[in-house]
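Numbering (my numbering), first residue to last: 1 to 444. All C-beta atoms, glycine included, are put in the ideal place defined by N, C-alpha and C. Quick caveat, the model's predicted, so the values are computed rather than measured. The next block holds one structure in the form of structure tokens; read it before the comments.
This is the structure in structure tokens:
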């Protein structure tokens, strides 16, 4: 069992560490969402039984592209947790031209025999350096065509083509876009240094964002994905950096004292962070050029870890104003504040869902482990998501609000994990080194 420590000592330790260390365009043929399917995709609902036929391709020379797309689509749909992918029945195509979508006969009784409710498949053709992928989706029970779309891209765009289809399929059943194309920023520790990296939702395509040669911590992506705020300790003191990811320009906020936990306000170019230049650790609203808009909190306790509601009108944050750290909510128009968490003595790291009033946060348990919980913004619906898995920290929501990325030491080293919003389907992302402090972008 992990030795118990004083929660107040641990809260002070976290603040001290932060002070001293710092981490193809598809053309549409058909495709309106089918309303009767949208209603069955709420969190916790059973997965949709889907037969996913491998993309058909005429000629062996282009089979490599079809195999790549098949892999991308299968992995992507499984990642969402929305579909239960079934084995394809024999004699699925019972007639017609197998290499021409819309003119081949689908064996719907065979689909029903394996329990499928939905069928998806398509045909891939290459013309020069361009791939043409014609995909179709059917209601396996009625034989009704739900969607047909043509996707085009370069030969190297197999991942993009596959994800475009995945996104359209998810949108068909939920009425909203999914995670495909979104990015996760995080801190990675390698060779004794901590730098910030960016990767796609599943850990693919990792690239470094900072090269400080030392420490870069607490990355925060703006809602449009163009700006990254983070903390560095490159000049003997903690600095807040705001980087334009397209222009590669960096603004340094060099005010004296503490700078902790930047977080962007949804739908704006403003972010909140903790400063201590007035003598106390308070949360301020800052423009992306580094200038201060206004001070948000005024209390003798430590205030940090801001996170904004989807409409930007409210802010969840952590405060020690009542003794031990708890999560509070502030109305940014009136300035009124209410306490959100009461169960547990050490609740931190709030993360407001980008699509609703659900807030994830971390809570220290009696055995010293840290677990992730969710609660509604009105204080109801408290739910524990992680259990008996050592330290689970820094929750961050997917752009569609269906998943949470977080760091966990359940396997020894700190790694990134993803789970459904209700705590199901927890799995690790395959990334090199140790990772911590993830931030899932709301921009796709």
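First through last residue of the beta strand (DSSP E) which encompasses residue i
i, result
"residue 253", "250–253"
"residue 294", "292–295"
"residue 159", "From DSSP, residue 159 is part of no beta strand (DSSP E) but of the alpha helix (DSSP H) over 158–174."
"residue 371", "370–376"
"residue 150", "145–154"
"residue 261", "259–264"
"residue 132", "130–139"
"residue 197", "193–200"
"residue 221", "216–221"
"residue 287", "282–287"
Residue i versus residue j: straight-line alpha-carbon distance, rounded
i, j, result
"residue 312", "residue 359", "14 Å"
"residue 245", "residue 439", "15 Å"
"residue 408", "residue 210", "23 Å"
"residue 333", "residue 340", "18 Å"
"residue 162", "residue 153", "10 Å"
"residue 178", "residue 425", "17 Å"
"residue 53", "residue 302", "56 Å"
"residue 441", "residue 183", "5 Å"
"residue 280", "residue 297", "10 Å"
"residue 335", "residue 389", "38 Å"
"residue 96", "residue 126", "21 Å"
"residue 98", "residue 124", "11 Å"
"residue 370", "residue 361", "10 Å"
"residue 268", "residue 223", "8 Å"
"residue 21", "residue 166", "Note that residue 21 has pLDDT 42, beneath the 50 cutoff, so the model's placement of it is unreliable and the number below is only indicative. Their Cα atoms are separated by approximately 41 Å."
"residue 430", "residue 188", "12 Å"
"residue 277", "residue 76", "47 Å"
"residue 227", "residue 434", "24 Å"
"residue 151", "residue 355", "29 Å"
Of the listed residues the options, nearest to residue i (C-alpha basis)
i, options, result
"residue 383", "343, 366, 416", "343"
"residue 364", "355, 378, 348", "348"
"residue 55", "79, 80, 136, 48", "136"
"residue 294", "223, 420, 73, 273", "273"
"residue 171", "140, 250, 264, 83", "83"
"residue 422", "265, 381, 186", "381"
"residue 121", "139, 128, 378", "139"
"residue 393", "239, 338, 355, 410", "410"
Enclosing alpha helix (DSSP H) for residue i [first to last residue]
i, result
"residue 109", "108–113"
"residue 69", "63–80"
Nearest-angstrom Cβ-Cβ length linking residue i and residue j, presumed shorter than 8 Å
i, j, result
"residue 69", "residue 147", "The pair is not a contact, with the Cβ atoms about 17 Å apart (cut-off 8 Å)."
"residue 398", "residue 352", "Actually they do not touch by this definition, with Cβ atoms about 13 Å apart."
"residue 232", "residue 215", "7 Å"
"residue 367", "residue 81", "About 29 Å; that fails the 8 Å criterion."
"residue 93", "residue 106", "7 Å"
"residue 448", "residue 212", "Past the boundaries of the shown model lies residue 448; the chain is included only from 1 to 444, so the question cannot be answered."
Chain D contact for residue i (CB, 8 Å cutoff)
i, result
"residue 221", "The structure shown contains no chain D; it holds only a single protein chain."
Next on the checklist: Three or more C-beta pairs under 8 Å: does that hold for the region 97–115 against the region 61–78?
Outcome noted: Using a C-beta cut-off of 8 Å, the region 97–115 makes no contact with the region 61–78, since fewer than three inter-stretch Cβ pairs fall below that distance.
Next on the checklist: Within 8 Å, do at least three Cβ pairs link the region 95–104 to the region 192–201?
Outcome noted: Here the region 192–201 makes no contact with the region 95–104; the two share fewer than three CB pairs at distances below 8 Å.
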